[in-house]
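Student: One gets the numbering used here by counting positions in the sequence shown from 1 and adding 429 to each.
C-beta atoms are modelled at their ideal positions from N, C-alpha and C, and glycine is treated no differently.
Keep in mind that this is a model prediction, so the values were computed, not measured.
Handing you this structure, nothing more for now.
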Amino acid sequence: MKPIQLLAFFLLLFSTFSSNSQNQKSKEFKVEFEKFTLENGLQVILHIDRSDPVVAVALTSHVGSAREKEGRTGFAHLFEHLLFLESENLGKGGLDKMSARIGGAGANGSTSRDRTNYFQTVPKDALEKMIWAEADKLGYFINTVTEPVLAKEKQVVKNEKRQSYDNRPYGHNFSVISKNLYPATHPYNWDVIGSLEDLQNATLEDVKSFYNRWYVPNNVTLTIAGDFNVKQTKAWVEKYFGDIRRGEAIPKMVKQSVILTETKKLYYEDNFAKLPQLTLTWPSVYEYHPDSYALEVLASYLSKGKKAPLYKTLVEDKKVTDATDVFQYNSEIAGQYMLSVTAFEKTNLNDVMNGVNEAFKNFEAEGISQQDLNRIIAGQETAFYTNLSSVLGKGFQLAQYEIFAGTPDYINQDVKNILAVTTEDVMRVYQKYIKGKYFVATSFVPKGEANLILAGSIVAEVVEEKIIEGKEDSFDASIAATYEKTPSKFDRSVEPAYGESPDVILPTVWKSKLLSGLNVLGIENHEVPLVQFQLQIKGGMLLEEANKIGVSNMLAELMTKGTKNKTPEQLENAIESLGATIRAYATDESLFISGNTLAKNYAATMALVQEIILQPRWDSTEFDLIKQSTLSQITQQKADPNSIARNEFKKLIYGKESILANNRIGTENSVNSITIADLKNYYTKNTTPSVTNFQIVGAISKADVTNSLADLNKNWEAKKIMVPKALTTNTIASSKIYFYDVPGAKQSVIRIGYPALAATDEDFYSVQIMNYRLGGGSFASQLTQELREGKGYTYGINSSFDGSVNKGPFTIASGVRSNVTFESVRVIKEILSQYGKNFNENDLEVTKGYLIKSNARAFETLSSKLEMLYDISNYNYADDYAKQQENTVKNSSIDAIKKLSEKYLNADKMIYLVIGDAETQLKKLEQIGFGEPILLNKPTVK
430 MKPIQLLAFF LLLFSTFSSN SQNQKSKEFK VEFEKFTLEN GLQVILHIDR SDPVVAVALT
490 SHVGSAREKE GRTGFAHLFE HLLFLESENL GKGGLDKMSA RIGGAGANGS TSRDRTNYFQ
550 TVPKDALEKM IWAEADKLGY FINTVTEPVL AKEKQVVKNE KRQSYDNRPY GHNFSVISKN
610 LYPATHPYNW DVIGSLEDLQ NATLEDVKSF YNRWYVPNNV TLTIAGDFNV KQTKAWVEKY
670 FGDIRRGEAI PKMVKQSVIL TETKKLYYED NFAKLPQLTL TWPSVYEYHP DSYALEVLAS
730 YLSKGKKAPL YKTLVEDKKV TDATDVFQYN SEIAGQYMLS VTAFEKTNLN DVMNGVNEAF
790 KNFEAEGISQ QDLNRIIAGQ ETAFYTNLSS VLGKGFQLAQ YEIFAGTPDY INQDVKNILA
850 VTTEDVMRVY QKYIKGKYFV ATSFVPKGEA NLILAGSIVA EVVEEKIIEG KEDSFDASIA
910 ATYEKTPSKF DRSVEPAYGE SPDVILPTVW KSKLLSGLNV LGIENHEVPL VQFQLQIKGG
970 MLLEEANKIG VSNMLAELMT KGTKNKTPEQ LENAIESLGA TIRAYATDES LFISGNTLAK
1030 NYAATMALVQ EIILQPRWDS TEFDLIKQST LSQITQQKAD PNSIARNEFK KLIYGKESIL
1090 ANNRIGTENS VNSITIADLK NYYTKNTTPS VTNFQIVGAI SKADVTNSLA DLNKNWEAKK
1150 IMVPKALTTN TIASSKIYFY DVPGAKQSVI RIGYPALAAT DEDFYSVQIM NYRLGGGSFA
1210 SQLTQELREG KGYTYGINSS FDGSVNKGPF TIASGVRSNV TFESVRVIKE ILSQYGKNFN
1270 ENDLEVTKGY LIKSNARAFE TLSSKLEMLY DISNYNYADD YAKQQENTVK NSSIDAIKKL
1330 SEKYLNADKM IYLVIGDAET QLKKLEQIGF GEPILLNKPT VK
């Protein structure tokens, strides 16, 4: 899907430097590039990275919602969608169809206030195809936009708005803030997605005029990063982009800072919120403003970690929330500084505000120490390297600097600005932009709880969409556009041939089984000076007692809250001073401790991991905070349709007798019954190296890894533990429809499926191949083509087979417009019923093309390599399993896919779950033919 970016697209804003606390001289890091400009004004940036046989191509237009006009909003975001559909020479289906054939990493895009970008990573043999396609989108596209195309895509964007804004808790908060922070004449006054009224009223002439003004070479930057021949690539860029006509001169965006003349307080009773939320927003600075660097440090110091003033006051002292957040939302011409607190149930937001003021006073008195400044800087260094681990990340960074700082080389100045921040700067920007300054305060509270709002608040203006049966525009997406082709110097209808096929070299895996039973797998890779690892203790919820569900989740949370010899704050400081992150979390089947660190700090980081495992603190105060936080999460999930769908679907899939039917964080009853003694008991009985895998990738040798684990191997007690296989007690003899009522829902969330296969089953990879054209291939899938592209019912839909060592579900998942719930379920059922029968040679060709060619980029990043090690260690896959799977794809046949479909896709033996408005949608679903729908919660039908 093409997701809208609600917050600034922060990529690689931090540069590398060594922590001052380690008394090391700063090192300048440079991303080498070459930049040139075509005669038509197109800016081109090239960056070579030969670590993998892939190339990332990004086309960034300097146009976002800020280039729009009041009453004609949402156009930039609309074009983010339209540009993927068709162009004169790519044909119908556009880049999405080509992406499937060439093994691309899903053609995608995003829109912000100031720019729209389109990007994809492809095997290097497809580079000329990508340059041809991107040029076609830029210069040979607009004629293909017709009334039916526009009508259909309007529906898709409306569905995106329902999903991202209207059908989720606090979805309207940013809109309320923008309307009240920025004057009506300011281009940041409206949402990036625009208003539905503006979108509906937009004519074909309106959108074409907008495109012709802004989507021109002299307003676009093309970035190519990866493994390619520079001379040849320059020739291709000139050939395909060179004769696209230059547009009118592009006016420079003038900085428009905001000055509030009073504090504004607004509130809204949110249909989907279960917890009160307070957000404070101050006018701030534009991106790359000299003060933005100190403001970034201030945001981190005020809210992140145990030492943060807001954490100490609101979480530890007043106990009104489990977390606080302060962040910058800086854009090209202005910025805003935001503080957000989601409080516990029934908390009065005036108490939260009092706590914020108290925290600010504490900061004013104490300031920030040099040690804390160094700690924050160390984390920024690791974040920088992490973002550089893909060619796409490098490409994004170069385009970001080019468009908003005037040159990709601004990275060097950016480094100096970050390094130059002092403790005095942090206090200075606080006093300049925050202390005593006017702000916008929004109180979003559950329906009927206006008594919790900030004193003096007035009702916020929120436009709620009314969805009426049969009121959406109809269209025929199959109508082909007729137009006269745009002239060109050569025949652009001929798609370029592939280049030389890349040699796919799988990472070399090393393995070691330690005496304690600890199973170690690693991949050594020196592309960036980072190490990523995860320690996986098998068991998770599978080892919990039925009346104590949530124990492993709470244990994981508690494990990083101090050690025997370190308070929670001391442990946190020790980790952050290394520029490292260590996170513990639980899944249904395992407990994980994962980490990311600079290679030079790996040994010290692992020493802390060992301390966490062997010397738990069992801090009762932290336990109480975790319990309250978990109860708060459970409350929040009850209001979120997608969370409801996930939890109810698990119950239906696994059946009452299976422990996997549970929500792993527990219920109110189970969590309230859990004591710290329960966590200790689980830890003592179930954490042992004999059921543990350690997976590690990065700039570290096998010898260094083995040395780092020596003490853990020696001191961690080995025990015999049997992790039980999960029961799946639910057998589905015939399909039934289940309905969960969310009154007033703007969308219906749909889940369809049944208990299917384990990852270790013989057919597991074969059904992944079968599923690609059904719903696993994004825009290449039939479900997406029918429900999104053909009918405009949804923003996105997918299908998947998810299994582990235990049997997992086949699932179709989507969110559809409320008034086409029945129609959507009917179409999905029809596609399922006919899929195998209609599977043809073209389907097989597209499937093979994507799955084989995508191997070139399968293990590009550290995280993808880590996932490879996880699969090998958990499912006993061979080290070269990717090659084996490739052979399975090559040997696939139409007949084999048809047989798999007949075996695993029976539309009449599945669970159909709908989360939506029962009053308007429940009754109609009887027409599907599976009997009367079963209502899962208390009826609210009038």
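What are the partner residues of His476, as DSSP defines its beta bridges?
Tutor: In DSSP, His476 forms a bridge with Ala654.
Student: Could I get the ranges of all uninterrupted alpha helix (DSSP H) runs contained in the stretch 560–615, with 4 residues as the minimum, in chain order?
Tutor: Qualifying alpha helix (DSSP H) stretches, in chain order: 576–590, 602–610.
Student: Does the Cβ-Cβ distance between Gly500 and Asp672 come in under 8 Å?
Tutor: Cβ distance not < 8 Å, so Gly500 and Asp672 don't count as in contact.
Student: Ser1099 lies in the beta strand (DSSP E); which residues open and close that run?
Tutor: That residue, Ser1099, is in no beta strand (DSSP E); its alpha helix (DSSP H) goes 1097–1102.
Student: DSSP state of Tyr862, grouped into three classes?
Tutor: Helix.
Student: In or out: Ala951 buried (at least 16 other Cβ within 10 Å) or exposed?
Tutor: Inspection of the sequence shows that residue 951 is occupied by Gly rather than by Ala. Result: buried.
Student: Out of curiosity, what's the CA-to-CA distance linking Leu1108 and Asn1115?
Tutor: One C-alpha to the other measures close to 10 Å.
Student: Counting only the same chain and skipping the five closest in sequence on each side, list residues whose C-beta sits under 6 Å from that of Gln451.
Tutor: Note that Gln451 scores 33 on pLDDT, short of 50, meaning its location in the model is unreliable and no value can be drawn from it.
Student: Straight-line CA distance for Ser930 to Lys553?
Tutor: Rounded to the nearest angstrom, the two C-alpha atoms are 8 Å apart.
Student: How should Arg479 be labelled, buried or exposed, when 16 other C-beta atoms within 10 angstroms of its C-beta is the threshold for buried?
Tutor: When all chains shown are included, Arg479 counts as exposed.
Student: Nearest by alpha-carbon distance to Asn641: which of Phe570, Leu883, Tyr1194 is it?
Tutor: Looking at the Cα atoms, Phe570 is the closest of the given residues.
Student: Helix, strand or coil for Asn1227? Go by DSSP, reduced to three states.
Tutor: Correct three-state label for Asn1227: strand.
Student: Relative to the alpha-carbon of Lys1175, which residue among Ile1257, Lys1338, Asp801, Thr1349 has its alpha-carbon at the smallest distance?
Tutor: Comparing Cα-Cα distances from Lys1175 to each of Ile1257, Lys1338, Asp801, Thr1349, the minimum goes to Thr1349.
Student: Just to check my reading of the structure: Asp543 and Glu725 have Cβ atoms closer than 8 Å, yes? What is that Cβ distance to the nearest angstrom?
Tutor: In fact, because the Cβ distance is near 19 Å, the residues do not count as touching under 8 Å.
Student: Mapping the DSSP letters down to three states, classify Gly824 as helix, strand or coil.
Tutor: Helix.
Student: Based on Cα-Cα distance, which residue from Asn982, Thr811, Glu924 lies nearest to Val957?
Tutor: Nearest C-alpha to Val957: Thr811.
Student: Under the three-state reduction of DSSP, which class applies to Thr1189: helix, strand or coil?
Tutor: In this structure, Thr1189 counts as coil in the three-state DSSP scheme.
Student: Suppose the cutoff is 8 Å on Cβ atoms and the five residues either side in sequence are ignored; what does the same chain contact list for Arg1093 look like?
Tutor: Correct list, in chain order: Gly969, Met970, Ile978, Gly979, Ser981, Asn982, Ala1015, Thr1016, Asp1017.
Student: Looking at the secondary structure, which residues open and close the alpha helix (DSSP H) in which Glu1252 lies?
Tutor: Its alpha helix (DSSP H) spans residues 1250–1267.
Student: Going by C-alpha distance, which of Ser624, Val551, Val649, Thr1240 is nearest Ala564?
Tutor: Nearest of Ser624, Val551, Val649, Thr1240 to Ala564, Cα basis: Val649.
Student: Alpha carbon to alpha carbon, what distance is there between Asp920 and Asn518?
Tutor: Distance between the alpha carbons of Asn518 and Asp920 is about 9 Å.
Student: In the stretch 476–560, which residue ranges form an unbroken alpha helix (DSSP H) of at least 4 residues, counting only runs that do not cross its ends?
Tutor: Whole alpha helix (DSSP H) segments, 4+ residues: 504–511, 523–531.
Student: Tell me the DSSP secondary structure of Gly1219 in three-state form.
Tutor: The answer is helix: DSSP assigns Gly1219 an H, G or I state.
Student: So Phe525 and Phe513 are supposed to be a Cβ contact under 8 Å. How far apart are they, rounded?
Tutor: Per the sequence presented here, residue 525 reads as Asp, with Phe not at that position. Sure, about 5 Å apart at Cβ, within 8 Å.
Student: How close, in whole Å, do the beta carbons of Ile1063 and Ser1019 come, if the pair is a contact with beta carbons under 8 Å?
Tutor: Contact flag wrong, Cβ pair sits at about 22 Å.
Student: DSSP state of Thr811, grouped into three classes?
Tutor: DSSP places Thr811 in helix when its eight states are reduced to three.
Student: Are the Cβ atoms of Gln549 and Gly568 separated by less than 8 Å?
Tutor: Contact flag unset, no.
Student: Given Phe439, which residues of its chain have a CB within under 8 Å of its CB, disregarding the five upstream and five downstream residues?
Tutor: Reliability of the predicted coordinates at Phe439 is poor, the pLDDT of 30 falling under 50, and the value obtained from them is presented with this limitation in mind. No residues qualify anywhere along the chain.
Student: Give me the residue from Ala1307, Trp561, Phe1288, Asp720 with the minimum Cα distance to Ser917.
Tutor: Checking every option, the nearest Cα to that of Ser917 belongs to Trp561.
Student: Within the continuous alpha helix (DSSP H) that includes Arg642, where are the two ends?
Tutor: Start and end: 633–643.
Student: Does the distance from the CB of Asn618 to the CB of Tyr611 come in under 8 Å?
Tutor: Contact flag set, yes.
Student: Which same chain residues, not among the five before or five after Glu463, have their C-beta less than 6 Å away from its C-beta?
Tutor: So the list reads Leu475, once near-sequence residues are dropped.
Student: I'd like to know if the stretch 1281–1290 and the stretch 931–940 are in contact, where contact means that at least 3 CB-CB pairs between them fall below 8 Å.
Tutor: Cβ pair count under 8 Å is three or more, so yes.
Student: Considering Leu1000, what are the terminal residues of the alpha helix (DSSP H) in which it resides?
Tutor: Leu1000 -> alpha helix (DSSP H) spans 997–1006.
Student: Going by alpha carbons, who is nearest to Glu716 out of Gln765, Ile688, Ile679, Glu998?
Tutor: It is Gln765.
Student: Measure from the alpha carbon of Gly991 to the alpha carbon of each residue in Ser1023, Ser1049, Ala664, then state which is nearest.
Tutor: Nearest of Ser1023, Ser1049, Ala664 to Gly991, Cα basis: Ser1049.
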